[in-house]
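The sequence shown maps to residues 20 to 715 in the numbering used here.
To keep things clear, I will list the structure first and then write my remarks on it.
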Amino acid sequence: LGVMPVFYLLLNFCLLWVRTHKMVKDKIADRRLVYVCCFVAIASCFCPNWVLAQVDTTKTQRLNEVQINARKNNFILKSPTPVQIIAGEELKRINSLSVADAVRYFSGVQLKDYGGVGGLKTINVRGMGSNHTAVFYNGIQLANAQNGQVDLGKFSLENMEEISLYSGQNSTFLLPAKAYGSASSLYLKTQSPIFKAEENHQFKIGLKGGSFGLLNPVLSYNYRVSERTSLNINGELINADGKYKYRYKDLAYDTTVVRHDADIFATRAEAGLHHLFRDSAKLQVNLYQYNSERGIPGAIVSNKFRFNQRQWDDNFFVQTNYQTASNKRYQLLLNAKYAYDYTRYIDPDIPKIGGTLDNHYAQQEIYFSAANQYQLTSFWQISLATDYSRQELDANLDNFAYPHRQTWLLALASEWQWQRLKLQANLLRTFVNDEVEKNIPAGKKTEYTPTVLASWQPFATSELRLRAFYKSIFRMPTFNDLYYTLIGNSFLRPEYTKQYDIGITYSKNFNGTYLKGIALQSDVYYNRLRDKIVAVPGGSLFRWNMMNLDAVEIKGAELNLQTFWTFNQVTAALKLNYTYEQALDVTPNGTAYRNQIPYIPVHSGSATANANYKSWGANYSFIYTGERYDQKANTIQNYVEPWYTHDIAFHKTFETKGINYRFSAEINNLFNQYYDVVLNYPMPGRNYRISIYANF
20 LGVMPVFYLL LNFCLLWVRT HKMVKDKIAD RRLVYVCCFV AIASCFCPNW
70 VLAQVDTTKT QRLNEVQINA RKNNFILKSP TPVQIIAGEE LKRINSLSVA
120 DAVRYFSGVQ LKDYGGVGGL KTINVRGMGS NHTAVFYNGI QLANAQNGQV
170 DLGKFSLENM EEISLYSGQN STFLLPAKAY GSASSLYLKT QSPIFKAEEN
220 HQFKIGLKGG SFGLLNPVLS YNYRVSERTS LNINGELINA DGKYKYRYKD
270 LAYDTTVVRH DADIFATRAE AGLHHLFRDS AKLQVNLYQY NSERGIPGAI
320 VSNKFRFNQR QWDDNFFVQT NYQTASNKRY QLLLNAKYAY DYTRYIDPDI
370 PKIGGTLDNH YAQQEIYFSA ANQYQLTSFW QISLATDYSR QELDANLDNF
420 AYPHRQTWLL ALASEWQWQR LKLQANLLRT FVNDEVEKNI PAGKKTEYTP
470 TVLASWQPFA TSELRLRAFY KSIFRMPTFN DLYYTLIGNS FLRPEYTKQY
520 DIGITYSKNF NGTYLKGIAL QSDVYYNRLR DKIVAVPGGS LFRWNMMNLD
570 AVEIKGAELN LQTFWTFNQV TAALKLNYTY EQALDVTPNG TAYRNQIPYI
620 PVHSGSATAN ANYKSWGANY SFIYTGERYD QKANTIQNYV EPWYTHDIAF
670 HKTFETKGIN YRFSAEINNL FNQYYDVVLN YPMPGRNYRI SIYANF
């Protein structure tokens, strides 16, 4: 019964949060209260099993915990789809403040960054667009029906255990249906408490500071509730004035200017409850809250350097997942989530009747999923997953549609494995129903999309593997695409994509003096996208229309190489990534036919190297992005220069009076290069960060 106060605490937390936040419309508060209560009630259904799973610890014997530390190369190289992972110590070493900074080191990724600590940061994988990449947080998707984009700058690395990127889809077999519904997937996995024998409490405090007025205190607490139950609570505050120097060119003159209006003040709070049942089934509950106020730095054009726009964000979700033991013939995965996202945007420069532009948006989602896996024979297993979600959007705009969307997904998958050959196939059925309170709804849509994956080891004694996949998928137009006042088009068709990939993987461990291991991934791919949704000018420059126009053809190649070394007491690792990508506009009779699409470089890559000696560590990273164009026409007027950055970091760990300390010093953009990721949104030059953490 000791677990019941925990759920009582969760329920009161949700209800208190409902009552203390302003809504755009009064009816939101009522609906959200119902949703949260229903969600917590469903989560509480696990309580009887959980309570029965508790045992009298005075009559049981504590087993000594054994931690296994190993690289995940074996999983990566056997995957039938390309997968890249940054986890554990590597996440701590790289020069990164948020998830957005970390994903820059993946091949095939373009990060659209508008500059500064608080600037919007979205991911684009293999030239498909940010809306084609699904972001999952502890296995459940972070959805945004309003604009389809997830700002990765909001997610801190302080509580992150692993970041993984799958091109195509996750090759793990037991998945919710949503995991099959995107062209690529980014998975964020938070840390789970690990306790030593006779240890019940863990604390971590940290402080990070640096350039642009950055101040980032961190606090984390882990508590062992019982032998099988643990609680993790962590939070942080981020404050930065966002003032950094950049170079502005006016005709033939270069001027060094200070960036203004890129400040941010944000808080993040998370709580995670983890329980392991006696039969090894797992239950996890997560609460997440993020609040921020930030300036909106605009494009530096026509000698305009100051901007008055501001934005407030309030993001909250509670989610739970339950999974039976992985060694059972039948496995079950249950997920549930409630999410609420509130945004306020003001622009004093745009006058309106009664004041200036002051827009409010409130988005809600409720989501349930059940996935079943059954082992038919020693070489054949099947899976059936079904998902349901309801999303709605409210705003204070004139003549707003007030849309809500219901989505049902059904995924049937099968996997065969004969000796060295592994095959997977799945069929996804998607049914979407849009309804609105005003204007014309998009109505109902039903689609069937297949995927086939294969992995083959041609030689029994070799670590060489071949892989390939084909995937057909689509993405629904967002609420903004369909219903934004004076711009949206409710008759838009989805964007359809077809993906083809052939790759090779190789790994080898050595017993030599210096080189200890090598891991290689190489893939060539072809993507075809049709009915791409674009905004085109309407009757005036102040009114644009959303239309299905473009067709895009993408041909590319990726290379990922990792090596591991030992020199006496020094351990080192070197990672190289390279991407070649030809992403062409092939719209029939288009004005930019066979031109490279905007912001996709032909050549890009990164390199990271780290070395550790006793309690000392050093890390070096290099990122290169080749020449691009900021418009559809590949002309000299639209040319964007290539850029590259060098970052270094040094780490030191030590222990005093039972407290473990970690000290880090970083220098980013070492050679002070001035560059734009997005044209006219200058990025910071050389900058510094220092951090210290204490674990006890």
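Virtual Cβ for every residue (Gly too), placed ideally from N, Cα, C.
Source: prediction; values computed, not measured.
Taking Cβ positions, are residue 209 and residue 291 nearer each other than 8 angstroms?
Yes.
Which partner residues of residue 235 appear in the DSSP bridge assignment?
DSSP, once it has assigned bridges, lists 227 as partnering residue 235.
By the 10 Å Cβ neighbour count, where 16 or more other Cβ atoms means buried, how is residue 136 classified, buried or exposed?
Buried: at least 16 other Cβ atoms inside 10 Å.
Where does residue 462 land, buried or exposed, given buried means 16+ other C-beta within 10 angstroms?
Residue 462 is exposed by the Cβ-count criterion.
May I ask which residues mark the beginning and end of the alpha helix (DSSP H) holding residue 109?
Taken as a continuous stretch (DSSP letters only), the alpha helix (DSSP H) holding residue 109 covers 108-112.
Please determine, among 330, 310 and 206, the residue with the shortest C-alpha to C-alpha distance to residue 317.
Closest option to residue 317, Cα to Cα, is 330.
If you draw a straight line from the C-alpha of residue 567 to the C-alpha of residue 689, how long is it?
In a straight line, the C-alpha of residue 567 is about 43 angstroms away from that of residue 689.
In the DSSP assignment, find the unbroken alpha helix (DSSP H) run with residue 403 in it and report its ends.
No alpha helix (DSSP H) holds residue 403; the beta strand (DSSP E) holding it covers 399-414.
Starting from residue 723 and walking both ways along the alpha helix (DSSP H), at which residues does that stretch end?
A question about residue 723 goes unanswered here, because the residues of the chain that appear run from 20 up to 715.
When you compare each of 321, 322, 262 and 393 to residue 351 by their alpha carbons, which one comes out closest?
Cα-wise, what sits closest to residue 351 is 393.
Hey, could you find the ends of the alpha helix (DSSP H) residue 119 is sitting in?
Per DSSP, residue 119 belongs to the alpha helix (DSSP H) from 118-122.
Leaving out five residues before and five after residue 609 in sequence, what residues of the same chain have Cβ atoms less than 6 angstroms from its Cβ?
Cβ within range, chain order: n/a, list empty.
Alpha carbons only, please: which of 177, 685, 99 and 571 is nearest the one belonging to residue 107?
Taking only the C-alpha atoms, the option nearest residue 107 is 177.
Does the contact criterion of 3 or more C-beta pairs under 8 angstroms hold for the segment 459-478 versus the segment 527-546?
Result no; under three Cβ-Cβ pairs closer than 8 angstroms.
Let me know the secondary structure DSSP gives residue 618 once reduced to three states.
Coil at residue 618, not helix or strand.
Under 7 angstroms Cβ to Cβ from residue 115, same chain only, skipping five residues before and after it: list those, please.
Excluding sequence neighbours, residue 115 sits near 121 and 176.
Identify every run of the beta strand (DSSP E) within the segment 340-399, keeping only runs that are complete inside it and at least 3 residues long; order them along the chain.
List check, beta strand (DSSP E) in window: 349-371 and 374-394.
For residue 625 versus residue 672, is the C-beta distance shorter than 8 angstroms?
Contact flag unset, no.
Hey, residue 420 and residue 383: beta-carbon distance below 8 angstroms or not?
No, they are not a contact pair.
Which first and last residues belong to the beta strand (DSSP E) in which residue 132 is found?
128-132 is the span of the beta strand (DSSP E), which, as asked, contains residue 132.
Contact between the segment 654-670 and the segment 193-211: three or more CB pairs below 8 angstroms?
The answer is no - the segment 193-211 does not touch the segment 654-670, with fewer than three Cβ pairs under 8 angstroms.
Would you report the Cα separation of residue 354 and residue 341, rounded to the nearest angstrom?
Near 7 angstroms, if we compare the C-alpha coordinates of residue 341 and residue 354.
Mind checking whether residue 631 and residue 589 have CB atoms under 8 angstroms apart?
In this structure, residue 589 lies closer than 8 angstroms to residue 631 by Cβ.
Going by alpha carbons, who is nearest to residue 584 out of 551, 614, 535 and 549?
Checked all of 551, 614, 535 and 549; the closest Cα to residue 584 is 535.
If we call anything under 8 angstroms between Cβ atoms a contact, is residue 694 one with residue 133?
No. Outside cutoff.
Judging by CA-CA distance, which residue of 641, 618 and 239 is the nearest neighbour of residue 147?
Of the candidates 641, 618 and 239, the one whose C-alpha sits nearest the C-alpha of residue 147 is 618.
Along the chain, where does the beta strand (DSSP E) containing residue 517 start, and where does it finish?
514-528 is the extent of the beta strand (DSSP E) around residue 517.
Determine the extent of the beta strand (DSSP E) in which residue 469 is found, giving its start and end residues.
Element bounds for residue 469: 462-475.
Indicate the three-state DSSP secondary structure (helix, strand or coil) for residue 149 in the structure shown.
Note: residue 149 maps to helix in three-state DSSP.
Check each candidate in 131, 260 and 569 and name the one with the smallest Cα separation from residue 279.
Here the closest residue by C-alpha is 260.
Buried or exposed for residue 662, going by 16 or more other Cβ atoms inside 10 Å?
Residue 662 is buried by the Cβ-count criterion.
May I ask you to list the residues that DSSP assigns as paired with residue 207?
Looking at the DSSP assignment, residue 207 forms a beta bridge with 156 and 182.
When DSSP labels each residue in this structure, what does residue 767 get in the three-state scheme?
The chain is shown only over 20 to 715; residue 767 falls outside these bounds and no answer can be derived.
Between residue 592 and residue 601, how many whole angstroms is the CB-CB distance? I'm expecting something under 8 angstroms.
Actually they are not in contact, since the Cβ atoms of residue 592 and residue 601 sit about 31 angstroms apart, beyond 8 angstroms.
Could you give the first and the last residue of the continuous beta strand (DSSP E) run that contains residue 664?
662-675 is the span of the beta strand (DSSP E), which, as asked, contains residue 664.
Per DSSP, what are the beta-bridge partners of residue 574 in this structure?
BP columns for residue 574 point to 545 and 601.
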